[in-house]
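Residue numbers (the UniProt record's numbering): 20 to 197. Built from N, CA and C at the ideal position, the CB exists for glycine as well. Reading through the structure tokens given below for one structure.
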Ligand code: GDP
Ligand code: MG
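Here it is, written out as structure tokens:
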């Protein structure tokens with residue numbers, strides 16, 4: 020029997036790590052080198068079929084938040100009642116992983132992870148594919164952290180699309196199973 024579910028997903032992370040670009044890759048399958056930074060938050064939606072459960076269709080309602088400090092107080096409005104959080108850092112900016120970790124702490128303290136699927140994504144891997152010396156966060160280090168915290172983990176490139184649809188498939192699968 021065909022099932023249609025709606026899930027609310029919030030994007031969190033430092034500014035410029037590529038949150039909006041990941042959403043645009045997922046929703047429009049496009050990439051923009053000169054994306055304007057998000058003001059407050061943007062709402063987009065996208066529907067997918069679960070590969071492992073082809074009779075299940077999931078509509079993601081996505082809140083793409085602005086990373087700037089001045090919008091930080093708005094974040095709870097978006098992560099409250101969320102089914103999933105995608106926390107993004109930039110693999111060439113180690114400070115952005117520290118920021119991502121503080122979002123993980125905030126979610127665990129304020130929401131509790133029992134009913135929230137949290138995914139950590141290291142974005143901009145295309146830059147390291149071009150120039151290995153650009154990498155500042157090792158995949159293994161971030162993966163170990165994610166494992167310890169019970170988070171899903173992916174490396175992505177909004178530019179090439181690598182990892183992007185896999186993230187949403189996996190999140191959809193996990194939320195569906197909850
Ligand atoms: P946000 O502030 O987290 O929403 O980040 P944006 O999506 O606005 O992206 C910030 C900048 O990084 C923009 O110039 C994007 O074109 C660029 N960008 C985003 N994702 C990638 C990526 O995967 N690879 C590369 N090379 N650049 C990216
Ligand atoms: Mg943005």
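Report the residue ranges of all beta strand (DSSP E) runs contained in full by the region 155-193; include only those spanning at least 3 residues, in chain order. Entirely contained in the region 155-193, the beta strand (DSSP E) runs reaching 3 residues are, in chain order, 171-174.
6 angstroms CB neighbourhood of residue 194 in its chain, flanking five on each side removed: 26, 102, 103 and 136
Range covered by the alpha helix (DSSP H) that runs through residue 94: 94-98
Hey, is residue 68 close to the ligand GDP, as in C-beta under 7 angstroms from one of its heavy atoms? no
Cβ-based neighbour list, residue 94, same chain, cut-off 7 angstroms, excluding 5 preceding and 5 following: 31 and 84
For residue 53, does the count of other Cβ atoms within 10 angstroms reach 16, so buried, or fall short, so exposed? exposed
Measuring CB to CB, does residue 147 end up less than 8 angstroms from residue 173? Taking a C-beta distance under 8 angstroms as the contact criterion, residue 147 and residue 173 do not qualify as a contact pair.
Uninterrupted alpha helix (DSSP H) stretches inside the region 78-128 (no shorter than 4 residues): 94-98
With hydrogens ignored, establish whether the beta-carbon of residue 134 is closer than 7 angstroms to any heavy atom of the ligand GDP. no
Residue 157 versus residue 163 - alpha carbon distance: 10 angstroms
So, are the CB atoms of residue 176 and residue 144 less than 8 angstroms apart? yes
Thinking C-alpha only, which one of 106, 49, 77 and 22 is nearest residue 181? 49
Check whether the Cβ atoms of residue 152 and residue 74 sit closer than 8 angstroms, and answer yes or no. no
Return the first residue and the last residue of the beta strand (DSSP E) that residue 62 is part of. 60-68
Of the choices 98, 188 and 39, whose alpha-carbon is the least far from that of residue 131? 98
Which one or two residues does DSSP pair with residue 137 in a beta bridge? 104, per the DSSP bridge assignment.
Using the three-state DSSP reduction, which class does residue 20 fall into: helix, strand or coil? If DSSP states are grouped into helix, strand and coil, residue 20 belongs with coil.
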